[in-house]
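Everything on this sheet refers to the single structure shown next.
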DNA sequence: AGTGTTTATGCAAGCGTTTGCAAATATTGG
DNA sequence: CCAATATTTGCAAACGCTTGCATAAACACT
């Protein structure tokens, strides 16, 4: 007789839709939609009734439908190369925190498997249900950006400052960070300072090299090409280039690796040569990923506020979504030299 | 002056739809859909024409529409607590690899901000555009599972074996791994072996404790409650419990931490007490996350094949999606003791 | 040629929302 | 009390795609 308690009965398969809620609260589905979207002109009374019904029925919006119909999904996509570097994890954490605050969800895309299909991939994403996209890509994302700009899809670049595209972006003071680190080493008395580069296609790698070089110059220390070994931001390359540097006829007394991961590889290399840090050789890294304080000895490094970069990027993106006509912004956050135990003053040679 | 904005002109940059492709290739949109979905009965000739048109127009499927209409999105969701533990990263990597092979995309959800809203959260997900869900959740996911089972939504649990729910799941030999590690320590001559537990709400934590205990018993070593300190799988707790163990009147000569992260915390504690690993105390961890080989001394640990677990879970899920009536499966992968340098034979006390 | 099968293709009905437009109702000022 | 205005609500048309049903074309066979 009473139709109200067929809950358990009809709960089964079908999902609760806006229409069910409408029926249950005795209004049209449009009204329900308006209530759900916080539309202004709805009678308070109605609003309550709808909300209650929705709650009772366990209504959950169907995002696909919503975004198909032109609404926004409250999901933003994050495009990363992969999860195998905690550098990425840190950024994502920041992003996630900020998004959570704004009640957005996070959709994560990895690119490492898309080589050669970037364009198409990003199209799919932009075509999809995300309201915006954050890019932490491993190489200059020209292909991506073209597609994005073409549809003027909201997006923000993280840690890619050399892009001439007019996208919003956030990075950190790579040059200054490298300069500070190098100067620190110099102030400890080191003169032969090795350098392991990052993946030079990335702007950050170049900036760090420049910073290193500038510090040398400013202190009248000659820049010696043989003290610069190539790296690609991965641990393995740090190890390899470390060995190369250590095996030099006149090896450096300190080495600056363009990121922490490579500094770890370098540490391995140093141990393999039966040397120890920092007694025999000082090393400093870049990034300050979580492991850096765990390794032994704790690594002196240039802290890049990764999580904050993620946070800022997210905020920028959100603003851009809200106000599409806003001109792109560029934010550069300050790095900070974190002194731990991997550096020592140069011993006078006896 | 009144300038006419070119923008508004270009703005009509509509996305290419299935209909455009249909028009361009002179067939109906249904046919296009069939071609795109690999439907069997399409004339080869037609198929080619459609494919060409699609390519030429740069068509990209709209996933929302597709999945709204009942198709599948080729996206699977992964629900993780957060990205701040590389344990998670490893699993995701495996998942991602396997999904890439099957041409699926990965959508990542973090739960850490959803405390208390699990049910609703998972509903959103299952209601959304994912074809299936992988759960790597930090606590017993009762709430999640209820919702999932109710709609018989394809899902696989990772590393949660104590759930009585009939979901598919993959885990590893936690008990055996802990047993092996403990036995190894015993064989090195240790008798007072400390243990730092994991978050006991998790099945894996309990199994590891049991394995430790069993090994002790099998070697006629008494199980001493005071040698067991509580942990929660996070580094901080490893540090704290480590201190607790070290400060015992009769401290252990070896400590087994229920995961690597806690082992790192433990290492800190040991250094703080001016002891060294492995000379003064041997330690072993569990998981073998990437950092474990980097720390000094390299950590002896029980390797859990995290990436493979992810891969297997993904495969299980995909099979389940393809064949919904398949009974749930449970896969347990073998752990392996990785001997590095954090353990040493017990020195005879003089 | 006629009948029965296989293919191939098209039509139209959704899927669950949002939103412009219009109708209905309430509110206000005169 | 009426017209004018502001506030609420409903209807219907998308959004881009999948799919059941129907129709058409192609190919067997008698």
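Residue numbers (the working numbering), protein chains in the order written: chain P, 1 to 350; chain G, 1 to 350. Glycine is no exception: its CB is placed at the ideal position from the N, C-alpha and C atoms. All of these numbers come straight from a predicted model, not from anything done at the bench.
Residue i at chain G interface by Cβ criterion, 8 Å
i                      : result
residue 68 of chain P  : yes
residue 128 of chain P : yes
residue 60 of chain P  : yes
residue 74 of chain P  : no
Residues bridged to residue i [DSSP beta-bridge criterion]
i                      : result
residue 300 of chain G : G:284
residue 135 of chain G : G:79, G:157
residue 195 of chain P : P:228, P:256
residue 366 of chain G : Nothing about residue 366 of chain G can be read from this structure; chain G reaches only from 1 to 350.
Coarse secondary structure for residue i, derived from DSSP in three states
i                      : result
residue 87 of chain P  : helix
residue 107 of chain G : strand
residue 67 of chain P  : helix
residue 247 of chain P : coil
residue 96 of chain P  : helix
residue 257 of chain G : strand
residue 27 of chain G  : coil
residue 279 of chain G : coil
residue 17 of chain P  : coil
residue 234 of chain G : coil
residue 35 of chain P  : helix
residue 189 of chain P : coil
residue 11 of chain P  : At residue 11 of chain P the pLDDT is 34, less than 50, meaning the model places this residue with poor confidence and gives no usable figure here.
residue 130 of chain G : coil
residue 50 of chain P  : helix
residue 220 of chain P : coil
residue 174 of chain P : helix
residue 42 of chain G  : coil
residue 72 of chain P  : coil
residue 101 of chain P : helix
residue 269 of chain G : helix
residue 207 of chain G : helix
residue 242 of chain P : helix
residue 61 of chain G  : coil
residue 201 of chain P : coil
residue 295 of chain P : coil
residue 125 of chain P : helix
Cutoff 8 Å: residue i Cβ touching any chain P Cβ
i                      : result
residue 105 of chain G : yes
residue 294 of chain G : yes
residue 65 of chain G  : yes
residue 37 of chain G  : no
residue 291 of chain G : yes
residue 123 of chain G : yes
residue 108 of chain G : yes
residue 309 of chain G : no
Contact test: residue i Cβ vs the ligand HEM heavy atom, cutoff 7 Å
i                     : result
residue 84 of chain P : This structure does not include the ligand HEM; it has no bound ligands of any sort.
### Message
So within the stretch 303-346 of chain P, which uninterrupted beta strand (DSSP E) runs reach at least 3 residues, ignoring any that extend past its ends?
### Response
330-333, 336-338
### Query
Between the stretch 83-101 of chain G and chain P, which residues of the former have a C-beta closer than 7 Å to a C-beta of the latter?
83, 84, 86, 89, 92, 93, 96, 100
### Runs of alpha helix (DSSP H) wholly within the stretch 140-167 of chain G (minimum 4 residues, chain order)
Within the stretch 140-167 of chain G, the complete alpha helix (DSSP H) segments at least 4 residues long are 142-150, listed from N- to C-terminus.
### Query
Taking Cβ-Cβ distances below 7 Å as the criterion, which residues of the stretch 241-275 of chain P are in contact with chain G?
264
### Query
What residues from the stretch 322-350 of chain P come within 7 Å of chain G, judged by C-beta to C-beta, listed N to C?
Residues of the stretch 322-350 of chain P whose Cβ lies closer than 7 Å to any Cβ of chain G: none.
### Query
Name the residues in the stretch 211-226 of chain P whose C-beta lies less than 9 Å from a C-beta of chain G; which are they?
none
### Query
When Cβ atoms are compared, which residues of the stretch 46-57 of chain P fall closer than 7 Å to chain G?
none
### Query
Can you list, in chain order, the residues of the stretch 162-175 of chain G whose Cβ is nearer than 9 Å to any Cβ on chain P?
none
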